[in-house]
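Visitor: Structure below; questions to follow.
Protein chains: 2
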Amino acid sequence: MAIIVQKFGGTSVADAAKIRRAADRAIAAYEEGYGVVVVASARGKQTDQLIADALELNPNPPKREMDQLISTGEQQTVSLIAMALEAKGYKAISLTGAQIRMMTDGVFSKALILSMDAERIHKHLNKGRIVIVAGFQGIDEDDNVTTLGRGGSDTTAVALAAATGAEKCEIYTDVDGIYTTDPRIFKEAVKLDRISYEEMLEMASLGAGVMHIRAVGFGMRYNVNIHVRNSGNDNEGTLITAEESDMEGVSVSGATIQRDMAKISLIGVDNVPGNAAKVFAHLAKAKVVVNDIIQTEISKEKANLSFMILISDLDAAKVAVEEIKSEVNFDEVFIREDIAEVSVIGVGMRSHYGVAEKMFGALANAKVNIDSITTSEIRISCAVDEDQAEKALKAVCLAFDLDKQPHDRGRC
Amino acid sequence: MAIIVQKFGGTSVADAAKIRRAADRAIAAYEEGYGVVVVASARGKQTDQLIADALELNPNPPKREMDQLISTGEQQTVSLIAMALEAKGYKAISLTGAQIRMMTDGVFSKALILSMDAERIHKHLNKGRIVIVAGFQGIDEDDNVTTLGRGGSDTTAVALAAATGAEKCEIYTDVDGIYTTDPRIFKEAVKLDRISYEEMLEMASLGAGVMHIRAVGFGMRYNVNIHVRNSGNDNEGTLITAEESDMEGVSVSGATIQRDMAKISLIGVDNVPGNAAKVFAHLAKAKVVVNDIIQTEISKEKANLSFMILISDLDAAKVAVEEIKSEVNFDEVFIREDIAEVSVIGVGMRSHYGVAEKMFGALANAKVNIDSITTSEIRISCAVDEDQAEKALKAVCLAFDLDKQPHDRGRC
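Going line by line, the protein sequences match chains R and H.
If you count the first sequence from 1, you need to add 2 to reach my numbering.
If you count the second sequence from 1, you need to add 2 to reach my numbering.
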């Protein structure tokens, strides 16, 4: 029996009508002959309400208890979906993370999946049941409830698809798919029919909110085709899949903007082996997520070391920098709190020349000053002033024809 | 370390302020040196809301899914209580039914407890933690979530007290304790300081709503002292305990009223061995709970067989009676839907004469007609017209001095 995994996010199960619609999608796949596994998130604003309830009692609630609390949201959704399916005359069973032995490590609020009992799911499928699994949750070796963190239900769905050998993994959400860039900023953005895992990973990590990076990484590792679709219509959506040769015809698939960044520069760092390691060890200890790192020598003995972080981590980073001072010699610290990052992404970059030149040219024409530049094999990012960021994104999108479908674009 | 179990019902944890108050009670016991195990129900109207959500999707939801759904209510409460305790500087851990391996049979919505892992609780207590356990829930051998049915959290608390060898089991509720009768009907009713398990069992099964019969039965079997107290004050409450010799000085401890009853009489049943068994087998199959059974011979070959049921079971009972007709010969069926039952209860009845006479006399003086009478060793029940039931209860209460503390009452 071919298996399909269908994941419904919180907005797609927010009320009874939407739960029925999700049930209908599962039924349609069941009637096509699939073994159907549904993964669901908590309904609409349920998680927010639970978090508010928690904070009223404890402004800094223990993470174990927070996971124990908010995991109830998904448990409610899956039992309700099972009831909706039974009401329509189909056999269904809901399963929590504990019930499918979704084993994770013990890092509450952002646990990593270690293994799961796919056999249990097959057993129910073989009895003709539609299986509904609570997303976002697992248990550790002591039976504590854990949650997978932001985007966790996507990860559950992709991991389940991998573990059950599913033919398809559909992610239902409230948008039509993956766009070339954020349509709220560049309204001419177009939806992509396909995107490679690598491009999606870069876009996800740079703030395109549709799919979470961990789920995409899981999909890439286990080669799960991830089909992002709108739960409110029957549009085609976007297939996240392995890179195919014709994707290389296009140099840039999408562009992203990441706001609320800060840039910390350590000026005149003694350029001796081990100093960079010490700096980032302190930042890691302070749980500061560091994005781009730029180091350049300014003399034979000195270098400037810069890194981008989220504004929300700035206070923690400042404390870490104070600690760094005691171990690493440098002249001064320079902090910019008004930074955004605009990026272009495309696997085609590997085989196309001139992408950087076109990007910098577009920014120059738009009179956007570039603070710093970082690149990866399939990405170019420019840090710019926060208040110039939208203008910069639009200029870049127009330069790379991101208002057109890939096959209608000019070549770089 | 002496262990105390404290159970808080839904009204006692309905909002943040009440959860904090429950936490304070746990802390007070902890500071006295107890190992503290808290058992909690779902907050206020949470369960009702979940049931409404379910019925919107399925007017007849599968019981397994219903248990999966509503068990989230207790899980939320216990994690919130743990957070409240941590906020006050105490170590706490919440545990679900699954996490303490509260094993039950697989009868969803009214499962029976088979065993639990008390060791797990001791382990946490020994680490100085206050342990908060979700009431009302367990799991079956296939890891399905089960619930214990009405009063299930009381049963969880008493079972935990038995399994952990607790010194005390406090049941916090929204009343001051067990009263001689329902104060809403007989406003002079007085609160009892102590009551025996046997008396409480009779009162619970006859509709005194404070404690559930299963919890009391568990307490009696394992000799757990159950202390019913008001979560809103520090009043003394009522201790449910083993019968003590001085309890026998009083003939009647309390009186109850059970409304919404129906009485079904099978008139002229062939009085041959096995007929009664057939009748009640059919009723059991239809899941009709039968209260009192009265059979009397009316001739050498014929008998009348009556039984009391809840009005809510009447439709099912009527269907069962039709099936009974095909196996058991009788002349006619007579159904009364307007019946209530007034009872007096007291272990002292065993050694006192004249209780029945005094009860019937009180009802006669009040001009209440008695439809039928049943008795047990410590109970006398009279079925009366529903619209005469309150008058009957008041008359009986006054006859047995139930407006006075036991030591102030006259002897029977």
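For each residue, glycine too, the CB sits at the ideal point set by N, CA and C.
(1) For V344(R) versus C399(R), is the C-beta distance shorter than 7 Å?
(2) Just mark S73(R) as buried or exposed, buried being the case when its beta carbon has 16 or more other beta carbons within 10 Å.
(3) Rounded to whole angstroms, what is the Cα-Cα separation between I21(H) and K20(R)?
(4) Tell me the rounded alpha-carbon separation between A56(R) and Q48(R).
(5) What residue ranges within the stretch 291-335 of chain R form continuous alpha helix (DSSP H) runs of no fewer than 4 residues, ordered along the chain?
(6) Exposed or buried, what is S378(R) when buried is set at 16 or more other beta-carbons lying within 10 Å of its beta-carbon?
(7) Does the separation of the CB atoms of I375(H) and E204(H) fall below 7 Å?
(8) Below 7 Å between beta carbons: does that hold for F220(H) and A161(H)?
(9) In the DSSP output, which residue or residues are listed as bridge partners for T175(R)?
(10) Does the distance from the C-beta atom of V192(H) to that of T183(H) stay below 7 Å?
(11) Once DSSP output is grouped into helix, strand and coil, what is the label at D340(R)?
(12) Could you tell me the distance, in whole angstroms, from the CA atom of M351(H) to the CA atom of E238(H)?
(13) Along the beta strand (DSSP E) that carries I380(R), what are the first and last residues, could you check?
(14) Alpha carbon to alpha carbon, what distance is there between P185(R) and H126(R)?
(15) Residues in the stretch 138-158 of chain R with C-beta within 7 Å of chain H's C-beta atoms, listed in sequence order?
(16) Name the one or two DSSP bridge partners that S198(H) has.
(17) Going straight from the alpha carbon of R66(R) to that of A100(R), what length do you get?
(18) Who does G256(R) pair with in a DSSP beta bridge?
(19) So if I threshold CB-CB distances at 8 Å, which residues from the stretch 3-21 of chain H count as touching chain B?
(20) Tell me where the beta strand (DSSP E) around Q139(R) begins and ends.
(21) Please list the partners that E88(H) has in chain R, where partner means a Cβ-to-Cβ separation under 8 Å.
(22) How far does the beta strand (DSSP E) with Q8(R) in it extend, from its first residue to its last?
(23) Taking any Cβ of chain H, which residues in the stretch 73-88 of chain R have a Cβ under 7 Å from it, in chain order?
(24) Could you list which residues in chain R have their beta carbon closer than 8 Å to that of S96(H), in chain order?
(25) Does the Cβ-Cβ distance between A288(H) and A318(H) come in under 7 Å?
(26) Closer than 7 Å, CB to CB, is A136(H) near chain R or not?
(27) What does the Cβ neighbour count give for E172(H), buried or exposed, with the cut at 16 atoms within 10 Å?
(28) Would you tell me roughly how many angstroms separate the C-alpha atoms of G363(H) and I187(H), rounded to the nearest one?
(29) What's the C-alpha gap between T106(R) and D333(R)?
(30) Check the DSSP bridge columns for G37(H) and list the partner residues they point to.
(31) Please list, in chain order, all residues of the same chain as A16(R) whose beta carbon is under 7 Å from its beta carbon, the five residues on each side excluded.
(32) Quick one: grab the DSSP three-state call for R261(R).
(33) Is I102(R) closer than 7 Å to R122(R) when the C-beta atoms are compared?
(34) Identify whether A366(H) lies in helix, strand or coil by the three-state DSSP scheme.
Guide: Looking at the coordinates:
(1) no
(2) Classification for S73(R): buried.
(3) Roughly 33 Å between the two C-alpha positions.
(4) 12 Å
(5) 316-327
(6) exposed
(7) Not in contact: I375(H) and E204(H) (Cβ atoms no closer than 7 Å).
(8) yes
(9) According to DSSP, which records beta bridges pairwise, T175(R) is partnered with N232(R).
(10) no
(11) In the structure shown, D340(R) sits in a strand (DSSP, three-state: E or B).
(12) 26 Å
(13) Here I380(R) belongs to no beta strand (DSSP E), and DSSP marks it neither H nor E.
(14) Between H126(R) and P185(R), the C-alpha separation is close to 42 Å.
(15) D145
(16) T243(H)
(17) 15 Å
(18) I347(R)
(19) The chain inventory of the structure shown lacks chain B, comprising the protein chains R and H.
(20) 139-141
(21) N60, P63, P64, E67
(22) 5-10
(23) T74, Q77, Q78, S81, L82, A84, M85, A86, E88
(24) Correct list: E67, Q70.
(25) Going by C-beta atoms, A288(H) is nearer than 7 Å to A318(H).
(26) no
(27) buried
(28) 20 Å
(29) 44 Å
(30) Its beta-bridge partners are I5(H).
(31) Closer than 7 Å at Cβ, skipping near neighbours: R45, G46.
(32) strand
(33) yes
(34) helix
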